[in-house]
């Protein structure tokens, strides 16, 4: 038996992609042949994953296909998933409610809406549903899966045993550093983090800094709103880093005095 995985796309540093890679590593250590397949395969991931068009060479009714779900699938993926003979399992990472994307990104909004609508259908064409939290499993049960199970997030300590970036450490290791790590998205309530930091800096610790570490691709409108808020509050010590490397991320964690999250929705 082989155990393969599918997700519409993958990227280094993305939480779901990290989980997919960790699961692949675990499955291979357990003796299973395990490959990753995508609808959109980034060039930097070639060699680590394959396009879904190649799956016919691997597909078998004795295999298990773990299909990760976090936004709506395209019609091509839905058709493909229905037709492959493998034993299919949805791995549900939850879907950010579409209301958060209104006026910010219509593509994300439509994909989030479609994803919610597709859940009922997917429960009929897959053998099982797994969620990476009890909360996610409750949603699967509401959409037709019988007895969904929690698939814990695989944590590989070796991924974090990397040398932190020296330049980041040297520049920011002094003072009080507040940190949040996550993609720039409205459901994570970056504005509330900034407002909380404003109070901290003005009334408690004038020497404090805030590091907001994460990519903003597709969320440029929201990022502009946040940057305008920072300017209006006169907070030059709020730093949007954008996407960072593994060593840089480890350095920001090493420099942090406190981690602050105000997120309203996490799967």
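Residue numbers (the numbering used here): 5 to 271. Where a beta carbon is used, it is the ideal one built from N, C-alpha and C, also for glycine. These numbers come from a predicted model, not from an experiment.
Margin query: Spatial neighbours of residue 169 within its chain, please: C-beta separation below 8 Å, excluding the five flanking residues on both sides.
Written below: Counting from one through the chain shown, the residue named residue 169 turns up at place 165. Cβ within range, chain order: 249, 251, 252, 254 and 255.
Notebook entry, point to check: Apart from the five residues on each side of it in sequence, which residues of its chain come closer than 6 Å, Cβ to Cβ, to residue 127?
Noted result: Taking the first residue of the chain shown as 1, we reach residue 127 at position 123. Only 147, 148 and 149 meet the Cβ criterion.
Margin query: Quick check: the Cα distance between residue 160 and residue 26, rounded to an integer number of angstroms?
Written below: Along the chain shown, read from residue 1 onward, the residue named residue 160 stands at position 156. Along the chain shown, read from residue 1 onward, the residue named residue 26 stands at position 22. Near 7 Å, if we compare the C-alpha coordinates of residue 26 and residue 160.
Check: Below 8 Å between beta carbons: does that hold for residue 223 and residue 188?
Finding: The residue given as residue 223 occupies position 219 in the chain shown. The residue given as residue 188 occupies position 184 in the chain shown. Yes.
Check: Among all the DSSP beta bridges, which residues are the ones paired with residue 92?
Finding: Your numbering for residue 92 matches position 88 in the chain shown. In the DSSP output, where bridge partners are listed per residue, residue 92 has 69.
Check: How many Å lie between residue 98 and residue 65 at the Cα?
Finding: The residue labelled residue 98 in the question sits at position 94 within the chain shown. The residue labelled residue 65 in the question sits at position 61 within the chain shown. Cα-Cα distance, rounded: 27 Å.
Item checked: Option in 37, 109 and 214 with minimal Cα separation from residue 234 -> Against the chain shown, residue 234 aligns to sequence position 230. Among 37, 109 and 214, the Cα nearest to that of residue 234 belongs to 214.
Notebook entry, point to check: From residue 140 to residue 68, what does the alpha carbon distance come to, in whole angstroms?
Noted result: Here residue 140 refers to the residue found at position 136 of the chain shown. Here residue 68 refers to the residue found at position 64 of the chain shown. Their backbone Cα atoms lie some 21 Å apart in a straight line.
Check: With a cut-off of 8 Å, do at least 3 Cβ pairs link the stretch 35-50 to the stretch 89-107?
Finding: no
Margin query: Assuming contact is defined by CB atoms lying nearer than 8 Å, are residue 40 and residue 14 in contact in what I supplied?
Written below: Indexing the chain shown from 1 puts residue 40 at position 36. Indexing the chain shown from 1 puts residue 14 at position 10. In contact: residue 40 and residue 14 (Cβ atoms closer than 8 Å).
Check: What runs of the alpha helix (DSSP H), each 4 residues or longer, lie entirely inside the stretch 143-199?
Finding: 170-176
Check: Measuring CB to CB, does residue 182 end up less than 8 Å from residue 267?
Finding: Here residue 182 refers to the residue found at position 178 when the chain shown is read from its first residue. Here residue 267 refers to the residue found at position 263 when the chain shown is read from its first residue. Not closer than 8 Å, so no.
Next item on the list: Counting only the same chain and skipping the five closest in sequence on each side, list residues whose C-beta sits under 6 Å from that of residue 76.
Entry: Your numbering for residue 76 matches position 72 in the chain shown. Taken in chain order, the residues that qualify are 115, 118, 119 and 122.
Check: Going along the chain, which unbroken runs of the beta strand (DSSP E) with 3 or more residues stay wholly within the stretch 224-270?
Finding: 242-246
Next item on the list: Rounded to whole angstroms, what's the CA-CA distance from residue 9 to residue 190? Just pull it up for me.
Entry: Translated into the one-based positions of the chain shown, residue 9 becomes position 5. Translated into the one-based positions of the chain shown, residue 190 becomes position 186. Approximately 29 Å, taken between the alpha carbons.
Check: Which whole-angstrom value is the C-beta distance of residue 85 and residue 129, which I expect to be below 8 Å?
Finding: Residue numbering aside, residue 85 sits at position 81 when the chain shown is read from its first letter. Residue numbering aside, residue 129 sits at position 125 when the chain shown is read from its first letter. Yes, residue 85 and residue 129 are in contact; Cβ-Cβ is about 7 Å, under 8 Å.
Next item on the list: Tell me whether residue 50 sits in a helix, a strand or coil according to DSSP, three-state version.
Entry: Position 46 of the chain shown, counted from the first residue, corresponds to residue 50. Residue 50 falls in the strand class under three-state DSSP.
Next item on the list: Express the C-alpha separation of residue 30 and residue 163 in angstroms, rounding to a whole number.
Entry: In the chain shown, counting from the first residue as 1, residue 163 sits at position 159. In the chain shown, counting from the first residue as 1, residue 30 sits at position 26. Taking the straight line joining both Cα atoms gives about 13 Å.
Check: Exposed or buried, which one is residue 112 when buried takes at least 16 other CB atoms within 10 Å?
Finding: Position 108 of the chain shown holds residue 112. The residue is buried, with at least 16 neighbouring Cβ atoms inside 10 Å.
Check: Do residue 72 and residue 95 come within 8 Å of each other at the CB atom, strictly closer than that value?
Finding: Here the question's residue 95 lines up with position 91 in the chain shown. Here the question's residue 72 lines up with position 68 in the chain shown. Yes.
Next item on the list: Kindly list the residues whose CB is nearer than 8 Å to the CB of residue 239, restricted to its own chain and excluding five residues on each side of it in sequence; keep chain order.
Entry: For the purposes of this step, residue 239 is taken as the residue at position 235 of the chain shown. Once the five neighbours on either side are set aside, the close Cβ partners of residue 239 are 198, 201, 202, 205 and 214.
Item checked: Pairwise C-alpha distance: residue 211 and residue 143 -> Residue numbering aside, residue 143 sits at position 139 when the chain shown is read from its first letter. Residue numbering aside, residue 211 sits at position 207 when the chain shown is read from its first letter. Residue 143 and residue 211: Cα-Cα distance of roughly 43 Å.
Note to self: Output needed for residue 12: all residues of its chain with C-beta closer than 8 Å, excluding positions within five of it in sequence on either side, in chain order.
What the structure shows: Here residue 12 corresponds to residue number 8 of the chain shown, with the count starting at 1. Correct list, in chain order: 42, 43, 44, 75, 77, 78 and 81.
Notebook entry, point to check: Do you know offhand how far residue 227's Cα is from residue 195's?
Noted result: The count along the chain shown starts at 1 and reaches residue 227 at position 223. The count along the chain shown starts at 1 and reaches residue 195 at position 191. So the two alpha carbons sit approximately 10 Å from each other.
Notebook entry, point to check: Hey, quick one: how far does the alpha helix (DSSP H) through residue 86 stretch, first residue to last?
Noted result: Reading the chain shown from its first residue, position 82 is the one you call residue 86. Start and end: 79-87.
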